[in-house]
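Okay, so here's the structure we're looking at.
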Amino acid sequence: MIAANLSALVLVLLIIGFILVTIEMILPGFGAPGISGGICLLAAVIIGSNTIVEAVIMTMIILAVIGVLLAIIFVVFANKKVISPFVLKDEQKRSDGYISSSDLEYLLGKEGRAITDLRPAGSADFDGVKFDVVTDGEYISKGTNVKIIKVEGVKLLVSRIKHK
């Protein structure tokens with residue numbers, strides 16, 4: 001009789017644990033359902049196993065079932081509105097005006113005008129576009145003509161244009 005009650009308890013804990021873990025996978029949140037589900041599954045393993053080997057086998061089966069549940073959730077909800085707010089489907093194309101930081105190489109050698117004092121950082125205008133720039137330590141006053149001499153990612157290094 002006690003064994004039957006323990007088997008029923010283990011089964012109930014497993015079902016509740018899987019339901020709570022599934023809820024955690026579907027609904028973003030604090031993690032309470034996932035933690036509670038994990039505790040239920042752990043309790044089911046501890047109560048339902050007599051040896052360490054049984055516990056390991058039950059744990060492997062539980063992990064396999066959770067993996068299958070996760071795969072099912074991804075397949076079912078992949079194109080649904082539930083996942084849409086969390087997945088970016090738009091492409092950031094150059095034709096739409098997006099520029100990645102590595103694309104700033106095209107500015108190398110461009111000449112422009114400092115629109116703020118560069119001490120050593122500030123802003124400069126190149127062909128009507130404002131960029132944050134930095135000098136190699138020299139102070140350059142507002143309105144001075146500058147040239148981009150080095151591009152390091154998003155960092156534009158400028159120097160004063162020497163007039164001949």
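According to UniProt numbering, the sequence shown is numbered sequentially starting from 1. Yeah, the Cβ is synthetic: ideal placement off N, Cα and C, and Gly gets one too.
Secondary structure of V158 (DSSP, three-state): strand.
If you check the CB distance, L14 and L41 come in under 8 Å.
Using a C-beta cut-off of 8 Å, the region 25 to 36 makes no contact with the region 51 to 58, since fewer than three inter-stretch Cβ pairs fall below that distance.
In this structure, the beta-carbon distance from V146 to A114 falls below 8 Å.
In the structure shown, E54 adopts helical secondary structure according to DSSP, grouped into three states.
In the displayed model, F18 falls within a helix according to three-state DSSP. When the alpha-carbon of S123 is set against those of G153, L157, S95, E152, the nearest one is in L157. For L41, the secondary structure class from DSSP, reduced to helix, strand or coil, is helix.
Considering only L70, V10, E54, G153, the residue with the shortest C-alpha distance to V21 is L70. CA-CA distance, I66 to P28, rounds to 17 Å. In the assembly as shown, E24 is a buried residue. Its beta-carbon has 16 or more other beta-carbons within 10 Å. Residue burial annotation: T135 is buried, with at least 16 other C-beta atoms found within 10 angstroms of its C-beta. Non-local C-beta neighbours of D117 in its own chain, meaning closer than 8 Å and more than five positions away in sequence, comprise Y139, I140, S141, K142, ordered along the chain. In the three-state DSSP reduction, E111 falls in the strand class (E or B). In the three-state DSSP reduction, F131 falls in the strand class (E or B).
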